[in-house]
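Below: one structure, written as structure tokens.
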Amino acid sequence: ETGVTQTPRHLVMGMTNKKSLKCEQHLGHNAMYWYKQSAKKPLELMFVYNFKEQTENNSVPSRFSPECPNSSHLFLHLHTLQPEDSALYLCASSQEPYQPQHFGDGTRLSIL
Amino acid sequence: DQQVKQNSPSLSVQEGRISILNCDYTNSMFDYFLWYKKYPAEGPTFLISISSIKDKNEDGRFTVFLNKSAKHLSLHIVPSQPGDSAVYFCAATGNAGKSTFGDGTTLTVKP
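This is the structure:
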């Protein structure tokens with residue numbers, strides 16, 4: 523058990539759909555992250571939240587909208603995505619931003 | 004421009020021998036470095052880290068070496084075991100905890 527749970531594990535959506543990815547951590551951590559991993563590319567940091575406040579937006583398009591209602595939950599709201607947004611989306615948490623991160627198993631997103 | 008590079012996409016070693024995975028970085032502001040291990044269909048798992056004030060950190064079979072002047076770090080696994088077969092990512096952290104990852108190296112340990 524990773525301590526970081528992501529749902530759903532797989533998602534197929536059309537370009538006009540709206541969906542949300544969910545991440546939950548049971549580790550009592552204060553920092554949470556969204557990463558994108560495209561084929562043959564390194565993990566790309568998208569967003570960082572520390573104590574529910576967004577501290578990093580790595581030039582992510584506005585069609586990705588994060589939400590962190592509390593330190594245990596993180597959402598990524600998706601709307602009007604493009605085919606190039608198909609990727610593995612990983613959520614992670616850490617006690618503080620400089621600490622090692624614990625990752626979920628990811629959501630495999632496919633945009634039709 | 005990629006700030007963290009793992010130039011070897013794959014590495015194959017015999018069980019019991021040493022595995023050496025390498026990572027280079029360009030940003031001198033990075034001050035904390037980590038190695039993660041990833042099995043298929045799972046998220047990365049933290050393995051070992053090193054602060055920029057040190058040049059070596061050891062944890063069991065795993066040792067990370069940091070050469071700041073060369074902006075190079077390496078992960079040594081000895082002895083290598085078949086269960087170590089996975090993708091290994093190095094990550095460099097600076098600027099309020101923002102981590103930058105390398106492409107990963109796929110390690111295969113043959114029995």
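Each protein sequence line maps, in turn, to chains G and B.
The numbering of the first sequence is the working numbering, which starts it at 523 and goes up by one.
The numbering of the second sequence is the working numbering, which starts it at 4 and goes up by one.
Note that CB positions come from ideal geometry on N, CA and C, so glycine has one too.
For His-532/G, the enclosing beta strand (DSSP E) starts and ends at 532-535. Here Thr-529/G is exposed. Its C-beta has fewer than 16 other C-beta atoms within 10 Å.
Around the Cβ of Ile-56/B, a 10 Å sphere holds fewer than 16 other Cβ atoms; the residue is exposed.
Under DSSP, Asn-60/B shares a beta bridge with Val-67/B.
Under the three-state reduction of DSSP, Gly-86/B is assigned to helix. The beta-carbon distance between His-599/G and Ser-587/G, rounded to whole angstroms, is 4 Å. This is short enough to meet the 8 Å contact definition. At a C-beta separation below 8 Å, Phe-49/B has these neighbours in chain G: Pro-622, Gln-623 and His-624. Per DSSP, the unbroken beta strand (DSSP E) holding Ile-633/G starts and ends at 629-633. Within the segment 50-66 of chain B, the residues whose Cβ lies closer than 8 Å to any Cβ of chain G are, in chain order, Ser-52.
Nearest CB-CB separation between Ser-102/B and chain G: below the 8 Å threshold.
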